[in-house]
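**Q** Just so you know, the sequences run in chain order A and B. Counting from 9, one number per residue, gives the positions in the first sequence under this note's numbering. Counting from 15, one number per residue, gives the positions in the second sequence under this note's numbering.
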Amino acid sequence: GAGVSQSPRYKVAKRGQDVALRCDPISGHVSLFWYQQALGQGPEFLTYFQNEAQLDKSGLPSDRFFAERPEGSVSTLKIQRTQQEDSAVYLCASSLSGGAEWETQYFGPGTRLLVL
Amino acid sequence: AQSVTQPDIHITVSEGASLELRCNYSYGATPYLFWYVQSPGQGLQLLLKYFSGDTLVQGIKGFEAEFKRSQSSFNLRKPSVHWSDAAEYFCAVVGMDSSYKLIFGSGTRLLVRP
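1. Quick one: does Lys115(B) have its CB under 8 Å from some CB of chain A?
2. Measure the alpha-carbon distance for Asp26(A) versus Gln113(A) and round it to whole angstroms.
3. Ignore the nearest five residues each way along the sequence and tell me which others in Thr19(B)'s own chain have a CB closer than 7 Å to its CB.
4. Taking 6 Å as the limit between beta carbons, can you name the residues of its chain near Ser87(B), skipping five residues before and five after?
5. CA-CA distance, Ala143(A) and Arg89(A)?
6. Using only CA atoms, which one of Gln85(B), Ser84(B), Asp99(B) lies nearest to Arg91(B)?
7. Taking Gln49(A) and Arg30(A) to be in contact with their CB atoms under 8 Å, please state how far apart those CB atoms are, rounded to whole angstroms.
8. What runs of the beta strand (DSSP E), each 3 residues or longer, lie entirely inside the region 34 to 91 of chain A?
9. Can you give me the C-alpha to C-alpha distance between Asn211(B) and Tyr56(A), rounded to a whole angstrom?
10. So, Phe77(B) versus Leu62(B), is the Cβ gap smaller than 8 Å?
11. Quick one: is Val51(B) near chain A, going by C-beta distance under 8 Å?
12. Going by Cα to Cα distance, which pick from Glu29(B), Asp22(B), Ser17(B) is closest to Pro128(B)?
13. Out of Asp64(A), Lys86(A), Ser66(A), state which residue places its alpha-carbon closest to the alpha-carbon of Phe74(A).
14. Indicate whether at least one CB of chain B lies closer than 8 Å to the CB of Lys117(A).
15. Could you tell me which uninterrupted beta strand (DSSP E) segments, each at least 3 residues in length, are contained entirely in the region 85 to 114 of chain B, listed from first to last along the chain?
16. With 8 Å set as the bound, which would you pick, yes or no: does the beta-carbon of Ser17(B) sit closer than that to a beta-carbon of chain A?
17. Is the shortest distance between the beta-carbon of Phe88(B) and the beta-carbons of chain A less than 8 Å?
18. Using a Cβ-Cβ cut-off of less than 8 Å, list which residues of the region 56 to 70 of chain B approach chain A; keep chain order.
This is the structure we're talking about:
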């Protein structure tokens, strides 16, 4: 595809609801990343996939956060029992190959989640 | 731990004026450094990156950045700002514990006066 796409662009959830955020990476990109961007802050790393394998989930804030990429392309970030502190923009990025330092990560427009 | 500091939260410049956005990093070895721009409703777009070699790096949209090891800095510059440059700018470094985990500064919001 032309770029990384994410859906929905905006999501309002009541506290305690489960949400699912979708990321479509650039076609053929091996690596996929999720970041969380709180208001007024820079993005913070959540998790990393290489193809369908989740190689790093060290940034996931709690066990309420779960990510998957079952076929090595589309990824879903799921947040269970949402809390107000989960309100943020969730950014997805992809890169061409194995996540080397020099590779460019291409970011999607993000999903803005508001938990009431 | 690695960190990135962008000391200016907001900067306002007049259109046509020069621009310098500051970035300082904390890193134990030769860093991999990046500048991204984020416009409202858009994803982060890479402006330029530095790995090694020439310490002055050219990027897209007329931006450049200079790596200064002695000052642990990687400041972004543009000689003449356009109104369309108004956006949020993020400096980032690859974390030491991985080859892929970007660590971002808190960003600098650029406002351009007509």
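Virtual Cβ for every residue (Gly too), placed ideally from N, Cα, C. The model shown is predicted, which means the values in this text are computed figures rather than measured ones.
**A** Concretely, from the data shown:
1. yes
2. 28 Å
3. Asn38, Gly119
4. Asn38
5. The structure shown does not extend to residue 143(A), since chain A is modelled only from 9 through 124, so no value can be given for it.
6. Asp99(B)
7. That pair is no contact at about 23 Å.
8. 39 to 45, 52 to 58, 61 to 64, 73 to 76, 83 to 87
9. Nothing in the structure corresponds to residue 211(B), since chain B is present only between 15 and 128.
10. Result yes, Cβ atoms of Phe77(B) and Leu62(B) sit closer than 8 Å.
11. no
12. Glu29(B)
13. Lys86(A)
14. Per the sequence presented here, residue 117(A) reads as Pro, with Lys not at that position. Judged by the 8 Å Cβ criterion, Pro117(A) is in contact with chain B.
15. 87 to 92, 101 to 108
16. no
17. Answer no: the Cβ-Cβ gap between Phe88(B) and chain A never drops below 8 Å.
18. Gln56, Gly57, Leu58, Gln59, Leu60, Lys63, Phe65
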